[in-house]
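Residue numbers (the UniProt record's numbering): 1 to 273.
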């Protein structure tokens, strides 16, 4: 496959993943949605099934959908990213750029699907929580460690699937993501995928999801899987425009943590498999 084919396959697959993943968070968090307060396991299931759908769509390139996994395959010493796709610098760039663009597109599509609900929602913390991950307790070093550990588990198991007697493929990946969310998702919302967080966070920064009007301070939690109100700049009752926050000071954690976890998992796979 050439650069364009790899890029398109990964972009379409990652867009499907993020459309369904961001969509399930919107369903659970946005107050007027029919799925409001659906709970953490609803979000876990939605992301897991989003992974399965995305892997099927991107079957030609092995359905990486995640720069951390792509880098993990590279670090594992493999010769190919997928059957017929040799590991080269060009292929690596095609995978990762496709994943980032796809994640951005998927987040925008989810926004369109829930446009009226974003318009009705008054809590900016919930809106950010729909798009991007955030810590339940903010401590960047510990948040980084959580993302590293969770992504290490993700990539190591994914690398092992091909070595089992019967690989379940997309279904196994889906169940794995559900399991990681249920077990390790609490501290940070389990990005475990730099594209999954960066693409939607950029969409949040560019989309008109905030009315831009200052409101009274909000102190209750934003809800399952989202930011608490303390995790975005405090909104005061004074009149005038407020500045929307996409929390870029945290954004490096769900990028660097998963990449580090992917590299370590790839290195471990060289020894284990």
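All C-beta atoms in this analysis are idealised placements derived from N, C-alpha and C, irrespective of residue type, glycine included. Because the structure is a prediction, the values reported are computed rather than measured.
Since residue 262 contacts residue 151 with CB under 8 Å, what's their CB separation in whole angstroms?
-> At roughly 6 Å, the Cβ-Cβ gap stays under 8 Å, so residue 262 and residue 151 are in contact.
Which runs of the alpha helix (DSSP H) spanning at least 4 residues fall entirely within the stretch 134-180, listed in chain order?
-> Here the runs fully enclosed are 140-161.
Measure the CB-CB distance between residue 55 and residue 46 and report whether it falls below 8 Å.
-> No; because the gap between Cβ atoms is not below 8 Å, this pair is not in contact.
So what does residue 80 bridge to, in DSSP terms?
-> For residue 80, the beta-bridge partners assigned by DSSP are 86.
Considering only residues of the same chain and omitting the five flanking positions on each side of residue 12, which have a CB-CB separation below 6 Å?
-> Hits under 6 Å: 57.
Decide if residue 147 is buried, meaning its Cβ has at least 16 other Cβ atoms within 10 Å, or exposed.
-> Using a 10 angstroms sphere on the CB of residue 147, the tally of other CB atoms reaches 16 or more, which defines it as buried.
What residue range is occupied by the uninterrupted alpha helix (DSSP H) comprising residue 6?
-> Its alpha helix (DSSP H) spans residues 3-29.
CB-CB under 8 Å to residue 184, same chain, minus the five flanking residues each way: which ones, in chain order?
-> Within the same chain, Cβ atoms closer than 8 Å to the Cβ of residue 184 are found at 146, 149, 150, 153 and 190, the five residues on either side in sequence being excluded.
State buried or exposed for residue 332, treating a residue as buried only when at least 16 other CB atoms are found within 10 Å of its CB.
-> As displayed, the chain neither begins before 1 nor continues past 273, which places residue 332 out of reach and without an answer.
At which residues does the alpha helix (DSSP H) containing residue 273 begin and terminate?
-> Per DSSP, residue 273 belongs to no alpha helix (DSSP H) and is neither H nor E.
By Cβ distance, which residues of its chain are closer than 6 Å to residue 197, with the 5 residues on each side in sequence left out?
-> Apart from sequence neighbours up to five positions away, the residues of its chain that approach residue 197 with a beta-carbon distance below 6 Å are 132, 133, 191 and 254, ordered along the chain.
Of all the options 127, 159, 155 and 2, which has the alpha carbon lying nearest to the alpha carbon of residue 32?
-> Proximity to residue 32 across 127, 159, 155 and 2 peaks at 127, based on C-alpha coordinates.
Extent of the continuous alpha helix (DSSP H) run through residue 190 | Element bounds for residue 190: n/a, residue is neither H nor E.
Alpha carbon of residue 180 to alpha carbon of residue 78, nearest angstrom = Just so you know, the alpha carbons of residue 180 and residue 78 end up roughly 25 Å apart.
Rounded to whole angstroms, what's the CA-CA distance from residue 177 to residue 170? Just pull it up for me.
-> Within the model, the alpha-carbon separation for residue 177 versus residue 170 is close to 11 Å.
Going by the beta-carbon positions, is the gap between residue 35 and residue 44 smaller than 8 Å?
-> Against a cut-off of 8 Å, the Cβ pair of residue 44 and residue 35 comes out as no contact.
Would you check if the distance between the CB atom of residue 174 and the CB atom of residue 30 is smaller than 8 Å?
-> No. Outside cutoff.
Just how far apart, CA to CA, sit residue 266 and residue 82?
-> Counting only the Cα atoms, residue 82 lies some 15 Å from residue 266.
Go ahead and label residue 112 buried or exposed: buried means 16 or more other beta carbons lie within 10 angstroms of its beta carbon, across all protein chains shown.
-> An exposed status is given to residue 112, since fewer than 16 other beta-carbon atoms sit within 10 Å of its beta-carbon.
Hey, how far is the Cα of residue 71 from the Cα of residue 104?
-> Roughly 20 Å separates the two Cα atoms.
Using 10 angstroms around the beta-carbon of residue 139, count the other beta-carbons present and answer buried if the total reaches 16, otherwise exposed.
-> The residue is exposed, with fewer than 16 neighbouring Cβ atoms inside 10 Å.
Sorted by chain position, which residues of the same chain lie with C-beta nearer than 7 Å to residue 156's C-beta, five sequence neighbours on each side aside?
-> Closer than 7 Å at the Cβ level, and outside the excluded window around residue 156, lie 265, 268 and 269.
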